[in-house]
Amino acid sequence: MALTSYEINSLIAIERITASISVLSTLILIATFSFVKESRTLSNTLIFYASFANLFSSIAALIGSSALHNENGALCQFQGFLLQMFMQSDPFWSCAIAINIYLVFFRRYDAQRLKGLYWIYGLICYGLPFISALFCLLYRDKTRGKIYGEATVSPLL
């Protein structure tokens, strides 16, 4: 059973409203961390680093179906890259936060040792998703074309 155009437009509106709230909230988080020195704790630092993944994922959600009018266009490819990179990055940051908690409570890591891990977390949490996102952006198949393209359920649009 296909959705009506009213239902489709309602879903698009909900997606854009929630993505807008997410972008605004993430920008507030980034501003608070940047300008309020007291907010710069060890745990908040990892949340700050992870917030960029949330920000760019939300931007991709804001683009929504607007990019689908030209699947090979720059906007569609950019949206595909954002989704591939930053939606993968977010759970990696959750894992890094969990590892930090483990290291503090069970391995008695102090602040200095934890700070020494931040570059490794950044490399893994943003580096690994970047490799797959860039590959998908650059790869072309002679018969099927680009990897990034329409990824919606056909009856919806």
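Per UniProt numbering: the sequence shown = residues 1 to 157.
C-beta: ideal position from N, C-alpha, C; glycine also.
If you draw a straight line from the alpha carbon of residue i to that of residue j, how long is it in whole angstroms?
i           : j           : result
residue 11  : residue 39  : 36 angstroms
residue 91  : residue 130 : 14 angstroms
residue 127 : residue 86  : 11 angstroms
residue 125 : residue 3   : 37 angstroms
residue 13  : residue 110 : 46 angstroms
residue 34  : residue 66  : 32 angstroms
residue 46  : residue 75  : 30 angstroms
residue 36  : residue 44  : 12 angstroms
residue 89  : residue 98  : 14 angstroms
residue 112 : residue 25  : 29 angstroms
Go through its chain and collect everything with a Cβ distance to residue i's Cβ below 6 angstroms, but skip five positions before and after it.
i          : result
residue 29 : 51
residue 48 : 33
Going along the chain, which residues of its own chain have a beta-carbon closer than 8 angstroms to the beta-carbon of residue i, five neighbours each way excluded?
i           : result
residue 114 : 42, 100, 103 and 104
For residue i, count neighbouring Cβ atoms within 10 angstroms of its own Cβ and tell me buried if that reaches 16, exposed if not.
i           : result
residue 119 : exposed
residue 56  : buried
residue 18  : exposed
residue 5   : exposed
On the premise that residue j lies in contact with residue i, defined as a C-beta separation below 8 angstroms, what is that separation, rounded to the nearest angstrom?
i           : j           : result
residue 84  : residue 132 : 6 angstroms
residue 148 : residue 73  : Not really, about 10 angstroms apart at Cβ, beyond 8 angstroms.
residue 77  : residue 137 : 6 angstroms
residue 60  : residue 82  : 4 angstroms
Given residue i, which residues of its chain have a CB within under 7 angstroms of its CB, disregarding the five upstream and five downstream residues?
i           : result
residue 140 : 146
residue 70  : 76
Out of the options, which one is the CA nearest neighbour of residue i?
i          : options               : result
residue 53 : 117, 122, 138 and 142 : 122
residue 63 : 143, 20, 116 and 107  : 20
residue 58 : 144, 93, 15 and 70    : 15
residue 93 : 117, 135 and 142      : 117
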